[in-house]
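Reading the sequence shown from the start, the letters are residues 9 to 185 in my numbering. All residues carry an ideal CB built from backbone N, CA and C; glycine is no exception. Single-structure report; data block below.
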Amino acid sequence: MAQNPEYHTFMDYDGLPMDVNLSGIVVPQQVFPRPAGQNDFIPLPPIRFFVNGSLGLNLQSALVPDNVLDNAATAPILSLNNDRAALRILWPGYEGWHLNNALVATVANNPATIANIAYRVASRVQEFYQDMLTNVGAVADWQLQRIPFSALHLVELRNVSQGSWQPVFCYTVPNGV
């Protein structure tokens with residue numbers, strides 16, 4: 009997988025099968041800069057969210073307990089040494105946002121499934137929206153007031169540093185815009 013060291017872009021998906029489509033425009037978030045002292049950090053594999061063979065779960069749908077993920081029951085590894093992880097969002101034009109302990113490795117004494125993780129990420133992204141909606145972002149095309157939560161899809165989570173994951177989003181532009 010080719011990775012741009014500065015931004016998450018559609019170019020990061022050249023290793024996917026040809027028949028896999030993204031659910032919209034990849035939100036060009038900066039990649040969270042790894043803290044000093046983690047130069048030897050090896051990221052865990054990305055956690056991808058597929059619905060009917062397409063990459064990307066609508067965040068509004070993720071808030072429904074029995075969401076429609078193809079791989080909903082899969083239990084990915086969130087950390088090799090901790091039960092909790094932070095979620096980091098670097099939305100274009102806004103200050104970086106993070107929430108410690110946003111993701112948990114177990115739910116009711118069972119490993120967290122991709123469906124559980126999708127629900128928690130969607131809930132946390134909703135918090136991000138609530139925290140940031142009163143701020144006007146510096147990048148006009150990516151101002152949250154212009155992008156409805158319901159138009160966002162969770163493509164994947166990337167392990168950007170030890171104990172931290174960053175979601176990658178697609179934005180589905182509504183018809184007529």
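- Task: On a CA-only basis, which of P175, Q170 and Q174 is nearest N45? Give me that one, please.
- Result: Position check: residue 45 holds Gly in this sequence, whereas Asn was assumed. Of the candidates P175, Q170 and Q174, the one whose C-alpha sits nearest the C-alpha of G45 is Q170.
- Query: For E135, does the three-state DSSP call read helix, strand or coil?
  - Reply: helix
- Message: Between T180, W173, Y127 and A93, which has its C-alpha nearest V39's C-alpha?
- Response: W173
- Would you tell me roughly how many angstroms separate the C-alpha atoms of N89 and R56, rounded to the nearest one? 21 Å
- Three-state secondary structure (DSSP) of I97: strand
- Item | Own chain partners of A116 with C-beta closer than 6 Å, once the 5 adjacent residues on each side are dropped | none
- Query: Where do the ends of the beta strand (DSSP E) carrying S172 lie?
  - Reply: S172 to Y179
- With distances taken from CA atoms, which of A123, L95, G101 and P43 is nearest Q68? A123
- Task: Classify D22 as buried or exposed, calling it buried when 16 or more other Cβ atoms lie within 10 Å of its own Cβ.
- Result: With a pLDDT of 48 at D22, under the threshold of 50, the modelled position of that residue is not reliable, and no figure is offered here.
- Would the stretch 136-144 and the stretch 75-93 be scored as touching if the rule is three or more Cβ pairs under 8 Å? no
- Message: For the beta strand (DSSP E) containing L160, name the first residue and the last one.
- Response: L160 to S169
- Task: State the CB to CB distance for the pair C178 and G32, rounded to an integer number of angstroms; the pair is presumed to be in contact (CB under 8 Å).
- Result: 4 Å
- Task: Answer with buried or exposed for Q37, where buried requires no fewer than 16 other C-beta atoms within 10 angstroms of its C-beta.
- Result: buried
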